[in-house]
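Below: one structure, written as structure tokens.
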Amino acid sequence: MSVTAGAATSGGTPRLRRAAAVVGIGHTDWVRDWTRARAGEKPADSYGYAMQAFSAALRDSGLKREAIDGLIAGPTTAYERLGEVLGINPRWGDQADAVLSVVQACTAIESGLAEVVAIVYGNDQRTAGTQYGGPQAMGGDAFLSYVYHSPWGLTSQGALYALTFQAYKHARGMTEAELGEVAVAQRGWSSMNPNAIMRKRITVEDYMASNYVCEPLHLFDYCLINDGGVAMIIAEAERAKQICANPVFIEGIGRSDLNRGATSLEPRLTEFYLPAQQQAAARSYAMAGAGPEDMDVLQVYDSFSVHVPLALEGYGYCPVGEAGKFLREQGVGPGGRLPTNTSGGHLSETYMQGWAHQLECVRQLRGTCGERQVQDCRRVHYTSDVAGKAVSLIYGR
Amino acid sequence: MEADTARTPSPVLGLYDRPMWDSIRDRAMRLQRCRGCGTWQYPPGPGCTACLSEDLEWTPVSGKATIISWVIFHRQYLAAYPAPYNAIAVRLEEGPVMISNLEGSPPERSWIGRKVRLVYTEMPDGAVLPRFTLRD
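If you read the sequences in order, they're chains U and H.
Residue numbers for the first sequence follow our numbering, beginning at 1 and rising by one.
Residue numbers for the second sequence follow our numbering, beginning at 1 and rising by one.
Put into structure tokens, the structure is as follows:
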């Protein structure tokens, strides 16, 4: 009994289909900075990482800084100070998370408010000791569920996904070993990624033998916490073709939010985000004129491995109730049916809160992924369902 | 309260939460119920999430609930909660889902679907928490 805006089959905003394209990507050396942070150094603050990533993206695009007329700051830096550090006075600006930064850039470009937009993220969460659990948990001001249940000891976003997975595996008949296939697959990918922090391959046996953090989730189900920065430059489609030979277009966008009952965790515990994912999927597929069978690579926001089976079902990659079987029999790792989180994702490459996933979408479509490149990659699907806010993005060549 | 007693994590005390915590301290938990459509609210809020009426009445709950999920923490995050300890999600007979803990002996097999009843636990620092215990 939920009130939902728009029918599941409505096609979103077709005007945004291929209205804008990625022309530059950049990121910091988080492998080097991981080592430095563990040695007690602080290589940079959030603004420093953001600046390094922006400079790298600018170099990748071949553009001069003066070409940037739109700026979107990620959620971990103040917009004004970031613009000051980067020396940009844009004609349009905003602040958003990873996936919504891409969406906002497309809408600003399509409406003519900007032509070349930089989206920039920096986060010193490791060296700053950012807490994602406890009474002062990060994000508690935006999501009441992150802090509301602390009198009962329920804290940390991992615990929220542990509660989700417990109910989900009961409802679907999935096993812990089947969930373990996610972490194993992503290590398979990250072992081929020189920019990944965790590269040692693991087996399902290693997974099952690892400690529980919050049962039923094991250590390998949790994302890394590391410092770093990511930037992308997105340009109006015709301009993008002039800027570079291999622009990566945004072809489909869909969103659906579950807010009702969110503090009590109902969308996670009783629906597993499914209605939101299905509607976001339908909208983005309609805009792109494609379906799950047309996607060569899937990228899933994976703060916890649990997001992957939820996404497989919610975005139509397998029937509802069969994600465990899909993970075990079809596979999402190297050589599997559906290459998923081919950089290693948050679990094994870097925890850039969805930002680094956008880079991997672009690299797979440019064909620059080296050993882990998916052959003849034409479409990549990025999905995010943080706290039941489902967003689906389709990138294409 | 002794100096070395771990403090129970403070509840979020927004404008509408305080009457609920007062009723918990009195060991008779009340939640807001809409006088118009009858919908129970949790967490407490400014109005009825079902019909937007602001005419809510603090009403005692039956204390009957069913477990819909559970976890065991194997890592300590909070001074008052040394590991291992559990957390449960229950659906109250009145409708809302609530996060709490299961007191007493745990079920031998799956916890999901087990009937529970509300009890009140006084923590070492004197805080009172609504918790649940197996009913069948």
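C-beta: ideal position from N, C-alpha, C; glycine also.
The model shown is predicted, which means the values in this text are computed figures rather than measured ones.
- A Cβ-Cβ separation of about 15 Å leaves U:G139 out of contact with H:Y77 under the 8 Å criterion.
- By the Cβ rule, the stretch 121 to 133 of chain U counts as touching the stretch 71 to 80 of chain U, because three or more pairs are nearer than 8 Å.
- U:D227 sits in coil when the DSSP states are folded into three classes, being neither helix nor strand.
- For the C-beta of H:L78, the chain U residues within less than 9 Å are, from N- to C-terminus, G133, G134, P135, S150, G153 and T155.
- The C-beta separation of U:L58 from U:V116 comes to about 11 Å, leaving the pair out of contact by the 8 Å criterion.
- From the beta-carbon of H:R75, the residues of chain U found nearer than 8 Å are V213 and C214.
- In the same chain as H:T59, and ignoring 5 residues on each side of it, the C-beta atoms closer than 8 Å to its own belong to R30, L31, Q32, R33 and W40, in chain order.
- Within 10 angstroms of the beta-carbon of U:M198 lie 16 or more other beta-carbons, which makes it buried.
- Membership of U:Y79 in the alpha helix (DSSP H) is indicated by the continuous run Y79 to L86.
- Proximity of U:Q166 to chain H, defined by a Cβ-Cβ separation below 9 Å, is satisfied.
- Each residue's CA atom was taken as its position, placing U:D302 and U:V308 some 7 Å apart.
- U:V374 places its beta carbon less than 9 Å from that of U:P339.
- Ranking H:R114, H:P106 and H:N101 by CA distance to the CA of H:T121 puts H:N101 first.
- Looking from the CA of U:T155, the closest CA among U:R91, U:R126 and U:V213 belongs to U:V213.
- Within the same chain, and ignoring the five residues on either side of U:A240 in sequence, the residues whose Cβ sits closer than 6 Å to its Cβ are A21, V23 and P247.
- In the DSSP annotation of this structure, the continuous segment of the alpha helix (DSSP H) that includes H:W21 starts and ends at R18 to R25.
- Listed in chain order, the non-local C-beta contacts of H:M123 below 8 Å within the same chain comprise T8, A80 and L129, local neighbours out to five positions each way being set aside.
- For U:V362, there is no enclosing beta strand (DSSP E); the enclosing alpha helix (DSSP H) has its first and last residue at W355 to R366.
- For H:M20, no chain U residue has a C-beta closer than 7 Å to its own C-beta; the minimum C-beta separation is roughly 12 Å.
- Secondary structure of U:G345 (DSSP, three-state): helix.
- Linking U:V297 to U:D29 through their CA atoms gives a straight-line distance of about 24 Å.
- Residue environment for U:L224: buried (at least 16 other C-beta atoms within 10 angstroms of its C-beta).
- Rounded to the nearest whole angstrom, the CA to CA distance from H:D26 to U:Y168 is 36 Å.
- The residues I67 and W70, in chain order, have a CB closer than 6 Å to that of H:W111 in the same chain once the five nearest residues on each side in sequence are set aside.
- By the 16-neighbour rule on beta-carbons within 10 angstroms, U:T164 is buried.
- The C-beta of U:A128 has fewer than 16 other C-beta atoms within 10 Å across all chains shown, which makes the residue exposed.
- DSSP places U:Y301 in no beta strand (DSSP E); its state is neither H nor E.
- Using a Cβ-Cβ cut-off of 9 Å, U:E266 counts as an interface residue toward chain H, since at least one Cβ of chain H sits closer than that to its own.
- Per DSSP, the unbroken alpha helix (DSSP H) holding U:D206 starts and ends at V204 to A209.
- The stretch 141 to 150 of chain U makes no contact with the stretch 92 to 107 of chain U: fewer than 3 CB pairs, one atom from each, lie closer than 8 Å.
- Around the C-beta of H:C51, fewer than 16 other C-beta atoms lie within 10 Å, and the residue is accordingly described as exposed.
- Contact between U:V102 and U:Q358 is confirmed by a C-beta separation of about 6 Å, below the 8 Å threshold.
- Straight-line measurement puts the Cα of U:S150 at about 7 Å from the Cα of H:P11.
- Residue environment for U:C377: buried (at least 16 other C-beta atoms within 10 angstroms of its C-beta).
- The stretch 266 to 281 of chain U makes contact with the stretch 311 to 318 of chain U; the number of CB pairs closer than 8 Å reaches 3 or more.
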